[in-house]
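Peer 1:
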Amino acid sequence: MGLRQRRRRRKLPDRTLAKKQSAAAAGVAKETGAQGESCRDVTNEYCTRIRGLVKELLKGVSESLGLVPCYLEKASELETGLQILIENLYPPCPQPELVMAMPPHSDHGLLTVLMQNNLGGLQVKHNGKWVLVNPLPNSFLVNTGNQLEILSNGKYKSMLHRAVVNDQSSRISIAIANGPSLGKAIAPAQQLVDSEHPPAYCEMTYREYVEFQQRNCLDGKSCLDLVGLSNV
Numbered sequence: 020m021g022l023r024q025r026r027r028r029r030k031l032p033d034r035t036l037a038k039k040q041s042a043a044a045a046g047v048a049k050e051t052g053a054q055g056e057s058c059r060d061v062t063n064e065y066c067t068r069i070r071g072l073v074k075e076l077l078k079g080v081s082e083s084l085g086l087v088p089c090y091l092e093k094a095s096e097l098e099t100g101l102q103i104l105i106e107n108l109y110p111p112c113p114q115p116e117l118v119m120a121m122p123p124h125s126d127h128g129l130l131t132v133l134m135q136n137n138l139g140g141l142q143v144k145h146n147g148k149w150v151l152v153n154p155l156p157n158s159f160l161v162n163t164g165n166q167l168e169i170l171s172n173g174k175y176k177s178m179l180h181r182a183v184v185n186d187q188s189s190r191i192s193i194a195i196a197n198g199p200s201l202g203k204a205i206a207p208a209q210q211l212v213d214s215e216h217p218p219a220y221c222e223m224t225y226r227e228y229v230e231f232q233q234r235n236c237l238d239g240k241s242c243l244d245l246v247g248l249s250n251v
C-alpha cells in the first residue's frame, strides 16, 4: 500500500505539468487567434481607406482627361474591383550588384499605393535611365498601372519600375494594387478616341488581362505591348 502511494505521488507532478502545459498552449492559441483577428481587422480597414484614396485620385485623373470626375471609377467598376495586398521584405545582401529584388515591370491594375520604410530601393525608368525614388517620411508613393494606360488610350503611361537591394539594412514595403472588377471589359474611353487618336489597345476583361500577364514572365511592359492594336 505504501509503495502504491509513493507511485501516485510521483505521477502527480507529471499531471500537474501536463495541465500547466495544456493551459499555456491554450493561452498561446487564444492570444495568437486574437492577434490574427486584430491583424485581419486592421488590414481590412487599411484596404478600405486605400480604396477611398484611389477613388479621389481617379477623380482628378478623369478631370485631367476632360472626362466627368466619376468616369474612371464607373468604367472600371472600382467598388467591386480587385485589390491585392503585397508585403515585401528585402534583407541586406552582401553583393547587391549581383541581385535584383524585383525585375523591371509595370503593374497590371489602375493605381498601386505603396508604403515603405525610410530606405530607398524602388527605381523608376525616366528618360531611359533608372532613377532611385527616395521615400518621403509619412507619405505614399502611387504607381500608375496598365489598366489606366488602356482606359486613357495611352495619355497616362503605366510606370516601369524595379526594386534593388543594399548591403546595409532591410527594406520593407507594403503595396496595395487596385484594379477594375475582374469581369469588367476594359478599353480606351470613347471620348478619347477620334480620327487623330484611334484606339491603341484591344478590349478585354480585367480577368483575361491578369491571367495573360501571369502566364508570362515579368519583362518590362511586354504584356501591355502585346495587347496593343499595333500588334494585332
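Under the working numbering, the first residue of the sequence shown carries the number 20, and numbering increases by one thereafter.
From the three backbone atoms N, C-alpha and C, an ideal C-beta is built for every residue, glycine too.
Just so we're clear, the structure is a prediction, and the values are computed from it rather than from any experiment.
#1: Report, in whole angstroms, the separation of the C-beta atoms of Arg181 and Met119, which I expect to be a contact under 8 Å.
#2: For Ala94, name the three-state secondary structure that DSSP assigns.
#3: Run the CB neighbour count on Ile105, radius 10 Å, all protein chains shown included, and call it buried at 16 or more, exposed below.
#4: Would you say Asn3 and Leu243 are within 8 Å of each other, going by their C-beta atoms?
#5: Can you give the Cα-Cα distance for Glu56 and Ile103, rounded to whole angstroms?
#6: Could you tell me the boundaries of the beta strand (DSSP E) in which Leu245 lies?
#7: Quick check: the Cα distance between Gly247 and Gln114, rounded to an integer number of angstroms?
#8: Which class does Leu167 belong to by DSSP, given the choice of helix, strand or coil?
#9: Go ahead and label Ser177 buried or exposed: buried means 16 or more other beta carbons lie within 10 angstroms of its beta carbon, across all protein chains shown.
#10: Confirm, please, whether the CB-CB distance from Ser95 to Leu129 is below 8 Å.
#11: Which residues bound the alpha helix (DSSP H) around Tyr228?
#12: Should the region 192 to 210 be regarded as contacting the region 221 to 236, the criterion being three or more beta carbon pairs within less than 8 Å?
Peer 2: From the atom records:
#1: The Cβ separation is near 7 Å, so the contact holds.
#2: Secondary structure at Ala94: helix, using DSSP grouped into helix, strand and coil.
#3: With fewer than 16 other Cβ atoms within 10 Å, it is exposed.
#4: Lying before the first or after the last residue shown, residue 3 is absent from the chain, which here runs from 20 to 251.
#5: Going by C-alpha positions, Glu56 is about 19 Å away from Ile103.
#6: Under the DSSP assignment, Leu245 falls outside any beta strand (DSSP E), being part of the alpha helix (DSSP H) whose first and last residues are Ser241 to Leu245.
#7: In this model, Gly247 and Gln114 are separated by some 38 Å (Cα to Cα).
#8: Leu167 falls in the helix class under three-state DSSP.
#9: Buried.
#10: Contact flag set, yes.
#11: Residues Tyr225 to Gln233.
#12: Touching, per the Cβ criterion.
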